[in-house]
Every structure is written in structure tokens, then in C-alpha cells.
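For the sequence shown, the working numbering assigns the number 525 to the initial residue and increments by one for each residue that follows.
Note that CB positions come from ideal geometry on N, CA and C, so glycine has one too.
Being a predicted model, the structure only gives us computed values, none of them experimental.
I have placed the structure first, in the form of C-alpha cells, so that the comments after it can refer back to it.
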Amino acid sequence: MKYQDNLAAILAGTTVVSAIVIMQPVAAFAMTGEEINNIAREVTVLIKGEQGHGSGVIISQENNTYHVLTAYHVVAQRDNYKVVTADKKAYQLTKITRLPNVDMAVVQFSSNQNYKVAKIANSQQAVVGNSVFISGWPAPGSTKQLVRQFTSGQISGTLDQPIEGYQMIYTNVTRKGMSGGPVFDGGGRVVGIHGLGDTEDPDLLTRQGQLSPDTAQNIASLIKPGFNYAIPINTFLTLAAQQKLDLALKLDSQKAPNTAVAYTPSAQPDSRDVIDDVNNVLADVNQGINVINQTTGTINEGTNAINRLLNIFR
């Protein structure tokens with residue numbers, strides 16, 4: 525059953541909302557780390573281009589079209605992007621819609637396979653001390669093997685003034701390549717999109733991000749080592765409504781569990797989380813669609829220092 529105004533307004537904290545959503549009546553309950561990881565495995569995707577890769581999360585399905593939420597800097601370059609799903613099948617990315625004034629984008633791919641869609645929760649309920657979990661595909665070391673990572677931590681704070689939308693702070697360990705990956709609460713619902721990692725070295729920012737020394741110093745002073753940052757999902761809900769994105773989202777309005785949940789990964793990665801050679805996977809990509817459609821709408825395309833910084837953590 526579809527609801528158009530009231531539910532999304534409650535979750536997003538807005539009064540006028542036009543995004544189409546689906547109400548899920550199932551109440552949230554505290555899950556084990558393993559249970560949340562099993563959800564994460566099914567909805568987390570790898571987004572691979574010729575110049576690098578990032579992560580994303582499936583948030584909507586309409587017929588054969590799937591929508592994936594990610595960080596915009598993951599798909600900001602002109603590139604031939606492909607989406608790799610949980611069953612290790614690759615699909616051509618067919619559309620990129622950037623959301624205004626934040627490091628966030630919705631991308632599309634088409635498939636006749638049935639993939640699971642993530643549930644979305646009210647990120648205002650994700651408060652300091654609550655457990656959160658991040659899923660994503662970090663860049664490999666010296667091998668071609670990719671291993672999805674699932675890390676646990678706690679929300680440690682909130683930025684008073686968002687930086688490119690980033691506001692949620694947490695203690696989870698992340699690595700390059702996990703940008704765009706989902707942040708889950710203790711009920712297995714998405715409450716944010718990860719994309720900004722810590723640094724304290726302004727000289728490194730100057731060299732890699734092509735920033736002026738003063739700008740690099742200012743940015744470095746805002747980012748405290750040991751923490752990482754996400755854009756709260758409510759920011760997405762508000763902007764999606766403003767941009768009139770027609771998405772069938774699975775929203776769960778139940779209060780988030782507030783118990784701390786621990787997760788300890790096994791010594792050996794699950795084979796379902798391993799891609800031995802991503803090039804072999806990409807070689808079998810669906811060739812039915814080969815045009816990437818960049819959609820920007822009313823987005824401000826001005827270049828700024830934060831956008832260059834975000835590419836460092838891609």
C-alpha cells in the first residue's frame with residue numbers, strides 16, 4: 525500500500541513530501557550482529573568503474589529497475605560504472621541522479637533477478653551510544669580479491685553543521701572503497717550512508733586533494749582521527765521529496781532498539797563475501813544497456829574543496 529505525504533513527512537521531519545513510500549508494519553527489534561550482517565550481504569552492492577570503486581545499497585525496486593543509494597563521489601567521474609550484486613552478477617549502471625548540496629546520489633540498474641531491498645528507518649532515532657554497522661567493499665591490497673567488510677561500532681556524536689551532508693559520527697572502522705555503503709541500526713534498517721573517513725594530516729590533503737594549505741588545514745581541523753562520518757538517511761528522504769523522486773521505499777517507523785549489539789567477524793571470510801577476481805565478474809556484465817545517463821536537475825555544480833576531499837576517501 526502506498527502513502528504519499530504523511531509517513532515520509534514524519535520520518536524526514538518535513539511538512540511537504542512528495543516521494544512515494546511503502547509502509548512496513550513489522551516492528552523493529554534488536555538483532556544479533558550476524559543477523560544484521562546477513563541483511564547487509566543481500567542489499568550491499570559494489571559499484572565499479574575503470575578508475576576505482578565504491579559501495580552502495582539497494583533501496584527500491586520497480587519492475588526490473590533497481591535504485592541504489594550511494595555517495596556521489598563514488599560515481600562523480602565520467603566512467604563506465606557497473607553494479608555487482610550479492611550473487612556476484614554485474615549490471616551496467618544506467619542512470620545517475622545527484623541530490624543537491626550533499627555527497628549523495630541515486631543510481632539505477634536493470635535486472636530480471638529478484639534482489640532484496642533494504643528497509644529505511646528514521647535516523648533521528650539513531651542517537652549517541654546506539655550500535656551501528658557498516659557494510660561495504662574496501663579496495664584490495666596486492667591481490668585482485670575483494671572481500672566485503674561488515675564492521676560494528678557506536679554513534680559517538682553529531683556535527684552541528686553538516687559538511688556536504690555528513691553529520692553522523694561513529695566509531696566503526698572503515699577503509700577506502702566502503703564509501704557509499706549503508707549504515708545499519710540495531711534493527712537492520714538503513715539510517716545513513718557512509719562516505720567520509722578521518723584524517724589529521726593537512727599536508728596529505730594538500731598533495732592528494734589539490735587543496736590550498738589554508739583550506740587543507742581548516743578541513744583537517746574538523747575531522748578527528750578515529751572516527752568516520754555518514755549522511756543521515758533523513759537528509760536523503762527530505763531531498764528525494766524535494767526533487768520529486770518517485771521511489772518505492774520500504775520505510776519502518778518503529779523506534780530503533782537502543783541495546784548495544786556486538787559483532788565479531790570470523791577468522792576466515794564467508795565465501796559469499798568474496799570476489800576472487802572482479803574482472804571476471806565484470807566480463808559477464810549485461811550488455812543490453814551501455815549508456816550512462818547523468819541527471820543533475822537543479823544541482824549546483826560549483827566546485828568546492830569538500831568535493832575534492834571526498835575523492836580521497838573513495
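Reduced DSSP secondary structure (H/G/I, E/B, other) of residue 748: The predicted position of residue 748 is uncertain, since its pLDDT is 46 and thus under 50; no value can be drawn from it.
Three-state class that DSSP yields for residue 762 in the structure shown: Looking at residue 762 - three-state DSSP - the assignment turns out to be helix.
The region 630–647 touching the region 781–801, judged by at least three CB pairs closer than 8 Å: Not touching, per the Cβ criterion.
Residues that residue 586 bridges to, as DSSP identifies them: DSSP lists 589 as the bridge partner or partners of residue 586.
Neighbourhood of residue 615 by C-beta distance below 6 Å, restricted to the same chain and skipping five residues each side: Cβ-Cβ distances below 6 Å link residue 615 to 607, 633, 635, 810 in the same chain, with the five nearest sequence neighbours on each side left out; the list follows chain order.
Closest Cα partner of residue 803 within the set 588, 605, 760: Among 588, 605, 760, the Cα nearest to that of residue 803 belongs to 605.
Cβ neighbours of residue 800 in the same chain (closer than 8 Å, five flanking residues each side left out): Hits under 8 Å: 668, 669.
Residue 662 versus 703, 630, 597, 641, residue with shortest Cα-Cα distance: Looking at 703, 630, 597, 641, the one whose alpha-carbon comes closest to that of residue 662 is 703.
For residue 652, the nearest candidate out of 691, 600, 686, 617 (CA to CA): Considering only alpha carbons, the answer is 691.
Cβ neighbours of residue 596 in the same chain (closer than 6 Å, five flanking residues each side left out): Correct list, in chain order: 622, 627, 628, 629.
Whole-number beta carbon distance between residue 772 and residue 557, since they are thought to touch under 8 Å: The pair is not a contact, with the Cβ atoms about 29 Å apart (cut-off 8 Å).
Span separating the alpha-carbon of residue 821 from that of residue 582: For residue 821, the predicted structure reports a pLDDT of 40, less than 50, and the residue's modelled location is therefore unreliable. The matter cannot be settled from this model.
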